[in-house]
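Going by my numbering, the sequence shown opens with residue 722, and the numbers climb by one from there.
Note that CB positions come from ideal geometry on N, CA and C, so glycine has one too.
Since this is a predicted model, take the numbers as computed values, not measurements.
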Amino acid sequence: MHQINDLRRIDLNLLVILDALLSEQHVTRAAECLHLSQPAVSHALARLRDLLGDPLLVRAGASLVPTPRALEVMAPLGEVLAQVQSLLAPNAFDPATAKRTFRLAMSDYGAAIVLPELIRTLRREAPGIDLQISHASREGMLEGVLNGDIDAAAGVFPEMPNELRSTPLFEEHYVCLLDRNSLADASVLELRTYLSRPHVLLEMRGSGTPEIERALTRLRERRRVAVSLPHWSVAPQLISGTDLILTVASRALRDIDEQSLIIVPPPFDIPSFTFVLAWHKRRGSDQALNWLNAQIERASADINWRPFTQTAQKDFP
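Written out as structure tokens, the structure reads:
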């Protein structure tokens, strides 16, 4: 009863206005989004500042900047409003008319796989749904989903926290990319050649690609890393005209120049992995997020992708 009495003192419409203000960081634009007058939104901001005991938005030049307290409440506020909307209109989600911003986390590899088809679907079926894409380490993406900063994350997550749900998007495996002229036999990469050559290493914040390193450790071997970088998209461009080897997830190489580059299997066994989509269990009733997750699954389906022909494969030692 005490909580109910506390809620009665609060105009819940203020939370909607606060969400718009934090999103737009501009009183006039927030008013336009809400179809309210600018004085009404300014008055609401004054009430919110009094209610929360914080300025919430402070002027910096010509714009308004959220305070640390405002940044703190931004993610949970979005979740609360989504849950209230779902509670009051459980069957009302319509992609064609919905207006919503979703925050997704994925690497540029994941973005290259998921986003092209997903964006086409959104523009065709849900033009009012916007996406904010962020990039972090595996641990950082899961932490973002756990604390509400991220709506869903797509990636490789060997350990999934109990608070999260996940669904597999596709199975993936590793291949090697070389300059076509640097490989004597155009179908086979020998282990001794692999170990003698310099390599390009893809890593995020020092995490590296642990699957490859673990596989080499099992062989009691190491490779020399000549170039280390966090950018999946640029890595294949470094191989042409060099003796470098890039060991990478196969779908990252769908658009390579096959005139100058060649894809071959690794000369040792690197376990395949599952690329998954993760979101928080508490978002299970969010029909808009459920719809978006389904579109991500469809956009990720690529069953016809073949990184190299069957004749190019060989048994691992």
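- At the C-beta level, Ala-875 and Leu-890 come within 8 Å of one another.
- Exposed is the label assigned to Glu-846, since fewer than 16 other Cβ atoms lie within 10 Å of its Cβ.
- Its chain contains Met-881, Val-997, Ala-999 as the residues whose beta carbon lies nearer than 6 Å to that of Ser-887, once the 5 sequence neighbours on both sides are disregarded; these appear in chain order.
- Apart from the 5 residues on each side of it in sequence, Gln-746 sits with its Cβ closer than 8 Å to the Cβ of Leu-778, Ser-784, Leu-785, Val-786, Pro-787 in its chain, given in chain order.
- Beta-bridge pairing by DSSP links Glu-892 to Thr-995.
- Linking Glu-793 to Glu-800 through their CA atoms gives a straight-line distance of about 13 Å.
- DSSP, reduced to helix, strand and coil, places Trp-1012 within a helical segment of the structure shown.
- Distance from the CA atom of Glu-932 to the CA atom of Asp-829, rounded to whole angstroms, is 19 Å.
- With contact defined as three or more Cβ pairs closer than 8 Å, the stretch 860-876 and the stretch 979-995 are not in contact.
- Out of Leu-1013, Arg-1019, Arg-750, Ile-960, the CA that lies nearest to the CA of Leu-825 is found in Leu-1013.
- For Leu-836, the secondary structure class from DSSP, reduced to helix, strand or coil, is helix.
- When DSSP reads this structure, Gly-876 sits in a beta bridge with Val-997.
- When the alpha-carbon of Arg-844 is set against those of Ser-1021, Ala-1022, Gln-1016, the nearest one is in Gln-1016.
- Going by DSSP, His-920 is part of the beta strand (DSSP E) stretching over 919-923.
- Take Ile-983, set aside five residues on each side of it, and the residues of its chain with a beta-carbon closer than 7 Å to its own are Leu-899, Arg-901, Leu-904, Ala-907, in chain order.
- Beta bridge pairing from DSSP links Ala-826 with Ser-855, Ala-874.
- Using a Cβ distance threshold of 8 Å, Ala-956 and Val-946 do not count as a contacting pair.
- The continuous beta strand (DSSP E) containing Ile-983 extends over residues 982-985.
- Given a length threshold of 4 residues, each whole run of the alpha helix (DSSP H) inside the stretch 738-774 is given here in chain order: 748-755, 759-773.
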